[in-house]
Amino acid sequence: MVGMETLEFDIGHNATRKIYIGSNTLEALPDYVRGLSADKFFIVSDTNVDRLLKTRVKDSLAGVAETHLVLFPAGEGSKTLSTLEAVAAQILEAGATKTSVIVCLGGGVVGNLGGLLAALLFRGIRFFHIPTTLVAQIDSAIGIKQAVNYRKGKNLFGQYYPPEFVFVDLATTRSLADRHIRAGIAESVKHALCQDRDFFDYLEQNAGGYSWEVIDKISRHTIKLKLELLKLDPFEGKLDPQLELGHTIGHALEIIKMGQLLHGEAIAIGMVAETRLSCALGFMKDELCRKIEGIFQKIGLPTRIPADVSVDQIMDTLRYDNKRRTDRNDFFLLEDFTRFHKTNDKIGTKVPEAVLREVLEDCH
Ligand SMILES: NC(=O)c1ccc[n+]([C@@H]2O[C@H](COP(=O)([O-])OP(=O)(O)OC[C@H]3O[C@@H](n4cnc5c(N)ncnc54)[C@H](O)[C@@H]3O)[C@@H](O)[C@H]2O)c1
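If you're matching positions, the sequence shown starts at 124 in the numbering used here and goes up one per residue.
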């Protein structure tokens, strides 16, 4: 299709998947799905997205194969095994087979849950993403990690499982609330800090009121930065530092404040807390620490741990972090733009509990 940019991401074993990026392109969907020869499409979506986009996507797919819509309540609270089972039940009762295809239409919650469901149903059926939030377009839909939460820990039940392709229509984000746009930009700041100093400057200069033109530019650039990382390791294990900056403390806050802090808000606070940790240990200069907190403030993201979340609550929740390899959390601490602190040539840093507690207290 004219105006469609096609990129590829690595999924391991020398295979790749395509990402189609355009604007106002949903109507072209039939051309991209015919080749799947699906017997049925099952659109998995949430109740908010249903109101906005159901008709356009359902009508588009129904011209190609029998199409069903399966909905669950919007929000992080739905990212559970029980929602997954309820969605699976509806799909099975509607006659799903091995040649059916799941269509994840929505934000990161829909994509992560629908992707995991595709991995599990009949030991794996095909699926593709139509991401409709900034977080999903620039991050969660690009990659092979699918998961749902345990009530005390993020993404504890999951699988590596690739979509057939990712169909990004940038214009679908136009109905997002400002708060969700800001939350998405937090992931762009993460990539800028870890991979691209010039991009950080660009985000900083434009912070405080991004136009749609700028948002689209930011989205395309963030996707390309993520693709660079997936080339190095599609399973993202070696890339935990770059992809999970701020996510250890961020995920703990997101779970504790379930439904009250968006993913992007929680990781913005997490990035500030983890850079303060780096300062407290003498790895990062105070000036950079303040600059990082400053960009999030300019964007309009929270930077402080909510007053009603105690350090003990955070310490307890950190035990359920899915990156943990031993009985303690290692932290990925930046020293400077694109440079992580290393111990014995390894990036994960042990942090004394007393220092962690003190920094968390100071981050309120
Ligand atoms: N690598 C990964 O797999 C990865 C990366 C980043 C985030 N995530 C996960 O993604 C989730 C967060 O994603 P999210 O921020 O998209 O949350 P979300 O899926 O809850 O979507 C946010 C809100 O936006 C609404 N929405 C979706 N599309 C819309 C549109 N076009 N217009 C208006 N409203 C719309 C949704 O209904 C929801 O209320 C978290 O669970 C996080 O763990 C995963």
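Backbone N, C-alpha and C define an ideal beta-carbon position, used for all residues, glycine too.
{"query": "What would DSSP say about PHE419, mapped onto helix, strand or coil?", "result": "helix"}
{"query": "Would you list the residues sitting across from LYS473 in a DSSP beta bridge?", "result": "ASP453"}
{"query": "Taking the alpha-carbon of THR472 as reference, which of LEU243, CYS486, LYS446 has the nearest alpha-carbon?", "result": "LYS446"}
{"query": "Can you pull the DSSP bridge partners for VAL226?", "result": "ILE166, PHE251"}
{"query": "DSSP beta-bridge partners for LEU192?", "result": "ILE166"}
{"query": "Please state whether DSSP places ARG448 in a helix, a strand or coil.", "result": "coil"}
{"query": "Let me make sure I understand the geometry here. Which of GLY423, ILE372, GLU410 has the alpha-carbon closest to that of ASP439?", "result": "ILE372"}
{"query": "Which residue marks the beginning of the alpha helix (DSSP H) containing GLY238, and which one marks its end?", "result": "231 to 243"}
{"query": "Taking the alpha-carbon positions, what's the LEU479 to LEU175 distance?", "result": "43 Å"}
{"query": "Opposite GLN269 in the DSSP bridges: which residues?", "result": "GLN282"}
{"query": "Following the continuous alpha helix (DSSP H) through ILE428, name the residue where it begins and the one where it ends.", "result": "No alpha helix (DSSP H) holds ILE428; DSSP gives it neither H nor E."}
{"query": "For ARG413, name the three-state secondary structure that DSSP assigns.", "result": "helix"}
{"query": "Can you have a look at GLN383 and say buried or exposed, based on whether 16 or more other CB atoms are within 10 angstroms of its CB?", "result": "exposed"}
{"query": "Shortest alpha-carbon distance to TYR443 belongs to which of HIS374, VAL312, GLY393?", "result": "HIS374"}
{"query": "Can you tell which of VAL187, ILE253, LEU236, LYS177 has the C-alpha that lies nearest to the C-alpha of SER205?", "result": "LEU236"}
{"query": "Counting only runs that start and end within the stretch 300 to 375, where is the alpha helix (DSSP H) found for 4 or more residues in a row?", "result": "301 to 318, 320 to 329, 335 to 355, 363 to 366"}
{"query": "Beta strand (DSSP E) containing GLU131: first to last residue?", "result": "128 to 135"}
{"query": "What is the DSSP secondary structure of ALA212, counted as helix, strand or coil?", "result": "helix"}
{"query": "When you compare the CB positions of ALA389 and GLU377, do they come within less than 8 Å of one another, or not?", "result": "yes"}
{"query": "When the Cα atoms are used, what is the spatial distance from VAL232 to ARG462?", "result": "31 Å"}
{"query": "If you draw a straight line from the alpha carbon of ASP468 to that of PHE455, how long is it in whole angstroms?", "result": "13 Å"}
{"query": "Counting along the chain, where does the beta strand (DSSP E) carrying THR256 start and finish?", "result": "Careful: THR256 lies outside any beta strand (DSSP E) and carries neither H nor E."}
{"query": "Below 8 Å on the Cβ atoms is my guess for LEU483 versus ILE428; work out the distance and round it to an integer in Å.", "result": "7 Å"}
{"query": "State buried or exposed for LEU355, treating a residue as buried only when at least 16 other CB atoms are found within 10 Å of its CB.", "result": "exposed"}
{"query": "Can you find a heavy atom of ligand 1 that lies under 7 Å from the Cβ of ASN489?", "result": "In the structure as shown, the chain starts at 124 and stops at 487, and residue 489 therefore has no counterpart that could be examined."}
{"query": "Please work out which residues of its chain come closer than 8 Å, Cβ to Cβ, to GLN318, disregarding the five sequence neighbours upstream and downstream, and give them in chain order.", "result": "LEU348, GLU351, LEU352, GLN365, THR461"}
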